[in-house]
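Enquirer: Numbering (this note's numbering), first residue to last: 1436 to 1561. The structure's right below; bear with me while I get my questions together.
Given below as structure tokens:
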């Protein structure tokens, strides 16, 4: 088997408007794919009791399960793509920022939250 390596996505992050439009498109497609996957998964024969099963029944069930699995894989691929786009957009927005810990505003000692601040020394300039 050939050695595989991960290739980093070098495409630029989408603008907020582009992400909104692309997100709506992917979410709609994922929703439609999920409806189809549910439809493929709903096999009434699985719920029946007292059926006498033949080998051909089991083969048909197996094929229906494969079809349903492929439909759910499509949902997974669409949602993965949308998550990657959201994370890429978030990461691009955080370039030049640094995470720090600040008091959470409750006035209680030891209660902190994380916050992003402008990094006075970006990595390339150190």
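In this text, a Cβ means the ideal position worked out from N, Cα and C, and glycines have one as well. Quantities reported herein were computed from a predicted structural model and do not represent experimental measurements.
Once DSSP output is grouped into helix, strand and coil, what is the label at residue 1446?
Expert: Looking at residue 1446 - three-state DSSP - the assignment turns out to be coil, as it is neither helix nor strand.
Enquirer: Among the residues of its own chain, which have a CB less than 6 Å from the CB of residue 1479, if the five just before and after it don't count?
Expert: none
Enquirer: Quick one, are the C-beta atoms of residue 1467 and residue 1503 less than 8 Å apart?
Expert: no
Enquirer: May I ask you to verify whether the stretch 1508–1518 touches the stretch 1453–1466, counting CB pairs closer than 8 Å and requiring at least 3?
Expert: At 8 Å Cβ cutoff, the stretches touch.
Enquirer: I want to know whether the stretch 1444–1455 touches the stretch 1521–1529 - three or more CB-CB distances under 8 Å.
Expert: yes
Enquirer: Please report the distance separating the alpha-carbon of residue 1543 from that of residue 1533.
Expert: Spanning the two alpha carbons is a distance of roughly 24 Å.
Enquirer: Can you tell me whether residue 1462 is helix, strand or coil according to DSSP?
Expert: helix
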